[in-house]
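Read the structure below first, then the notes.
Here it is as structure tokens:
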């Protein structure tokens with residue numbers, strides 16, 4: 001795997017993990033606040049769980065391929081726990097050079 005491929009996979013996983021968090025939070029709100037339905041939790045719970053596991057595995061691969069320090073790796077893993085923090089980590093890692101830059105998209 002090339003560093004650019006791993007970085008792309010990490011970016012996708014980070015965004016997907018954050019989006020699944022949003023779905024799960026909405027499902028939990030509907031379940032516990034108006035107490036009208038559990039369907040959101042039943043749908044987004046397993047989705048979020050699967051994406052969470054994928055994010056952790058991709059983070060470990062990225063840490064190895066991109067030669068992240070233990071601190072960066074732990075920060076990436078910890079970012080998966082609070083909602084939406086994986087997006088913050090991805091942006092921080094991109095700005096600080098820990099993730100290779102995205103390819104520029106040509107405009108025509």
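Numbering (full-length UniProt numbering), first residue to last: 1 to 108.
Beta carbons are placed, not taken as given, at the ideal position from N, Cα and C, and that holds for glycine.
Quick one: what's got a C-beta closer than 8 Å to residue i's C-beta in the same chain, skipping five residues either side?
{"i": "residue 67", "result": "none"}
{"i": "residue 56", "result": "77, 80"}
{"i": "residue 84", "result": "18, 21, 22"}
Residue i to residue j, Cα distance in whole Å?
{"i": "residue 5", "j": "residue 71", "result": "22 Å"}
{"i": "residue 97", "j": "residue 34", "result": "45 Å"}
{"i": "residue 82", "j": "residue 65", "result": "25 Å"}
{"i": "residue 13", "j": "residue 2", "result": "17 Å"}
{"i": "residue 63", "j": "residue 76", "result": "9 Å"}
{"i": "residue 49", "j": "residue 16", "result": "11 Å"}
{"i": "residue 166", "j": "residue 100", "result": "The chain is shown only over 1 to 108; residue 166 falls outside these bounds and no answer can be derived."}
{"i": "residue 18", "j": "residue 88", "result": "10 Å"}
{"i": "residue 92", "j": "residue 42", "result": "32 Å"}
{"i": "residue 27", "j": "residue 44", "result": "7 Å"}
{"i": "residue 149", "j": "residue 73", "result": "Because the chain in this structure spans residues 1 to 108, residue 149 falls outside the shown range and cannot be described."}
In this structure, does DSSP put residue i in helix, strand or coil?
{"i": "residue 80", "result": "coil"}
{"i": "residue 62", "result": "helix"}
{"i": "residue 97", "result": "coil"}
{"i": "residue 17", "result": "helix"}
{"i": "residue 34", "result": "coil"}
{"i": "residue 105", "result": "Unreliable positioning characterises residue 105 in this predicted model, as indicated by a pLDDT of 43, which lies under 50. A coordinate reading is not provided."}
Spatial neighbours of residue i within its chain, please: C-beta separation below 6 Å, excluding the five flanking residues on both sides.
{"i": "residue 11", "result": "90"}
{"i": "residue 20", "result": "47, 48, 51"}
{"i": "residue 9", "result": "58"}
{"i": "residue 94", "result": "none"}
Considering only residues of the same chain and omitting the five flanking positions on each side of residue i, which have a CB-CB separation below 7 Å?
{"i": "residue 30", "result": "36, 37, 40"}
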